[in-house]
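Protein chains in written order, with our numbering: chain A, 1 to 115; chain B, 116 to 231.
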C-alpha cells in the first residue's frame with residue numbers, strides 16, 4: 001500500500017530565505033510525482049510534475065527533484081516571498097495492475113514566509 | 116491551460132437532504148476523474164475514481180450508496196451526497212486528467228459542504 005509522508009509538517013522562515021520541503025513515498029512503482037500548492041479554503045494549484053523517468057523539474061524559483069529508488073522528492077524554493085505562504089502537497093500516481101491509477105497525497109507542509 | 120470547474124463552491128443543506136456537486140473539464144476531455152474529501156487541516160483523501168462510461172471505483176471505507184458518482188460524459192462528473200448528515204460536512208474537491216497515468220492532475224476549486 002502506497003504511503004506518502006511530508007516533512008516538516010510546518011515551516012516558518014523569514015522572507016528571502018531558500019528552503020526545502022521533503023516528500024517520501026513507500027512504493028516506487030509510480031507514474032509520476034506532482035507538487036501542489038493549496039491556499040486556505042481553496043482548491044489545488046499544480047506547481048511541478050515529475051515523470052518517473054525524470055530526476056528534476058524547474059519552474060521559476062521552484063525546483064523539484066525525484067529519487068524514485070529511495071522514494072524521495074524535494075521541493076526547493078529559492079528567495080522565498082510572503083506570497084509563497086500556503087500548504088504544499090506532494091502526490092504520487094501509483095501504478096495499479098488491477099484497477100485505475102491511484103493518486104495518493106501526502107499530509108502537506110504548511111509554509112509561512114514572514115516579511 | 117486545462118481548467119476544471121466545480122459547482123457549487125459552497126452549499127448549506129439540512130440533514131436528510133441530498134446534495135449534488137458538479138465537476139466539469141472546460142477545455143479538455145477528461146477520461147478519468149477523481150473525487151477527494153478534505154477535513155480541516157488535513158490532506159486530501161481519495162474517495163473514488165471514475166472513467167467515463169463505467170462505474171466508479173470506490174476506496175475502502177467509502178459508502179457507494181452514500182456518495183453516488185456519475186461520469187456521464189468526457190467533460191462532466193457528479194458527486195451526490197445522499198441523505199446528508201452533519202458528519203458529511205467537509206471540503207470536496209474533484210480532479211481530472213486526460214489519460215490518467217502520466218497525465219497531470221487538474222483540480223477544481225472545491226465545494227464546501229455544511230450539513231445542519
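We put the beta carbon where it would ideally sit given N, CA and C, even for glycine.
Predicted, not measured: the structure shown is a model, and the values here were computed from it.
Can you give the Cα-Cα distance for residue i and residue j, rounded to whole angstroms?
i                     : j                     : result
residue 56 (chain A)  : residue 9 (chain A)   : 23 Å
residue 79 (chain B)  : residue 123 (chain B) : With chain B represented from 116 up to 231, any question about residue 79 (chain B) goes unanswered, as that position is not in the structure.
residue 197 (chain B) : residue 205 (chain B) : 14 Å
residue 151 (chain A) : residue 111 (chain A) : The structure shown does not extend to residue 151 (chain A), since chain A spans only 1 to 115, so no value can be given for it.
If you run the structure through DSSP and keep just helix, strand and coil, what is residue i?
i                     : result
residue 155 (chain B) : coil
residue 56 (chain A)  : strand
residue 27 (chain A)  : coil
residue 84 (chain A)  : helix
residue 137 (chain B) : strand
residue 201 (chain B) : helix
residue 110 (chain A) : strand
residue 175 (chain B) : coil
residue 117 (chain B) : coil
Label residue i either buried or exposed according to how many other C-beta atoms from any shown protein chain fall within 10 Å of its C-beta, with 16 as the threshold for buried.
i                     : result
residue 145 (chain B) : buried
residue 25 (chain A)  : buried
residue 79 (chain A)  : exposed
residue 180 (chain B) : exposed
residue 35 (chain A)  : buried
Contact defined as beta carbons within less than 8 Å: I believe residue i pairs with residue j. What is the distance between those atoms, to the nearest angstrom?
i                     : j                     : result
residue 62 (chain A)  : residue 33 (chain A)  : The pair is not a contact, with the Cβ atoms about 14 Å apart (cut-off 8 Å).
residue 240 (chain B) : residue 208 (chain B) : Examination of residue 240 (chain B) is not possible in this model, given that chain B is present from 116 through 231 alone.
residue 75 (chain A)  : residue 64 (chain A)  : 5 Å
residue 30 (chain A)  : residue 93 (chain A)  : 6 Å
residue 143 (chain B) : residue 213 (chain B) : 6 Å
message: Which residues of the segment 14-48 of chain A have a Cβ closer than 8 Å to any Cβ of chain B? Give them in chain order.
response: 31, 32, 34, 36, 41, 42, 43, 44, 45, 46
message: Any C-beta of chain B within less than 8 Å: which residues of the segment 62-94 of chain A qualify?
response: 89, 91, 93
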